[in-house]
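**Q**
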């Protein structure tokens, strides 16, 4: 299902984004 | 409580994106993070589009926090 794939990909992008914000906040890469 | 800690964190993240304190995030704000976060401009666009659920070009705190909740707890937790 291409829609499911798209959603999963977006979730990964979101997770990376929030992880980066977490790293930025704490200064831990 | 855990809940208020998450809310606090969400607020901090929102403020990192909303540099001028407008109360919402635009696509342009997101692009500005390009130099500060490891994500590419395209990935940041993707993040913006994913969080901007009503696709009006403005990311409100509510939209942002529901996206963050999904990241923290999985989809469907916050209605």
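Chains as they are written, first to last, in the numbering used here: chain E, 819 to 847; chain Y, 535 to 613. Cβ atoms here follow ideal geometry from the backbone N, Cα and C, with glycine treated the same way.
(1) Where do the N-terminal and C-terminal ends of the alpha helix (DSSP H) with residue 578 (chain Y) fall, by residue?
(2) Residue 601 (chain Y) lies in the alpha helix (DSSP H); which residues open and close that run?
(3) Can you find a CB in chain E that lies within less than 7 Å of the CB of residue 558 (chain Y)?
(4) Taking the continuous alpha helix (DSSP H) assigned at residue 541 (chain Y), which residues delimit it?
(5) What separation, rounded to the nearest whole angstrom, lies between the Cα atoms of residue 842 (chain E) and residue 590 (chain Y)?
(6) What's the call for residue 544 (chain Y), buried or exposed, on a 16-neighbour Cβ count within 10 Å?
(7) Can you pull out the residues from the segment 558-573 of chain Y whose beta carbon lies closer than 8 Å to at least one beta carbon of chain E?
(8) Please check the pair residue 558 (chain Y) and residue 593 (chain Y), which I expect to be a contact at CB under 8 Å, by giving their CB distance rounded to whole angstroms.
(9) So which residues on chain E does residue 607 (chain Y) lean against when the C-beta distance must stay under 7 Å?
**A** Concretely, from the data shown:
(1) Where residue 578 (chain Y) is concerned, the enclosing alpha helix (DSSP H) stretches over 575-585.
(2) 595-607
(3) no
(4) 536-551
(5) Rounded to whole angstroms, residue 842 (chain E) to residue 590 (chain Y) spans 28 Å at the Cα level.
(6) buried
(7) Those residues of the segment 558-573 of chain Y that come within reach of chain E (Cβ to Cβ, closer than 8 Å) are 570, 571, 572 and 573.
(8) 6 Å
(9) None at all; the shortest Cβ gap to chain E is about 12 Å.
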